[in-house]
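Below is one structure; the comments refer to it alone.
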Amino acid sequence: WPRPHRRGCFVGTWYTLVYMILLAIDPGETAGWSIWDTEKYEKLTGGQTPRIEFEKDLAAVLLVSCEENPPERTTILPCAPDLIVCEDWLIYPEHARRGALDMDKCLTARTIGAIQAFARMAEVPVVFQNATIKEQAKAMGADNYHPIPRHPNRHEGDSCYHAVYYIVRECS
């Protein structure tokens, strides 16, 4: 991955310079997300947001530059990422055979479609990972970044697994 120039990113009330901002997403009815500085291997911020609100927010930060989108804006994400790492959504045959997805509206798949569309318009690459990477990510130290308490924050925690897995494998 080519390293872009350093640029600023507002995180809460402070401003930091980073080389590559990675947005990790655990999509679903509640989207878990975390923003990372890949150079420092540092989680800058994270959270969980209802699906529709997350999609609107992602569109706002991807389709408007940080410089045009000041920190007092109403978006959750602090600035546009250079790369998105997203958990993929698969229909497992055993679930399909037993009818687990009968009449399912596939909201996670719709969210992934929105992520892909906004990223494509903003020319931000998207990397998809299977949910099966979580145990490997834990072995890489991802649990150190999981917010406490665990269960209510599980979606943000899952985004951390995807970020750590990507950073360790691709940025080290």
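First residue of the sequence shown? That's 50 in our numbering, and the numbers climb one at a time after it.
Just so you know, even glycine gets a beta-carbon here, dropped at the ideal spot from N, CA and C.
Bear in mind the structure is a predicted one, so any value in this text is a computation, not a measurement.
Residue i vs residue j beta-carbon contact at 8 Å
i, j, result
"Ala186", "Tyr214", "yes"
"Asp106", "Leu126", "yes"
"Leu93", "Val134", "no"
"Ala80", "His204", "yes"
"Trp138", "Ala168", "no"
"Val173", "Gln165", "no"
"Ala163", "Glu104", "yes"
"Tyr90", "Ile197", "no"
"Leu150", "Ile140", "yes"
Per-residue burial, residue i [other beta carbons within 10 Å of its own, 16 or more giving buried]
i, result
"Gly206", "buried"
"His200", "exposed"
"Cys209", "buried"
"Leu112", "exposed"
"Ala145", "exposed"
"Met69", "buried"
"Trp63", "Note that Trp63 has pLDDT 49, beneath the 50 cutoff, so the model's placement of it is unreliable and the number below is only indicative. Trp63 comes out exposed."
Assumed close pair residue i, residue j - CB separation to whole angstroms, cut-off 8 Å
i, j, result
"Gly77", "Thr160", "7 Å"
"Asp75", "Glu143", "Actually they do not touch by this definition, with Cβ atoms about 22 Å apart."
Heavy atom of the ligand MN within 7 Å of residue i beta-carbon
i, result
"Lys187", "Inclusion of the ligand MN in the displayed structure is not the case, the ligand content being empty and no account of it being possible."
Quick check: the stretch 88-101 against the stretch 176-187, are at least 3 beta-carbon pairs closer than 8 Å?
no
Any contact of the stretch 72-85 with the stretch 127-147, i.e. 3+ C-beta pairs under 8 Å?
yes
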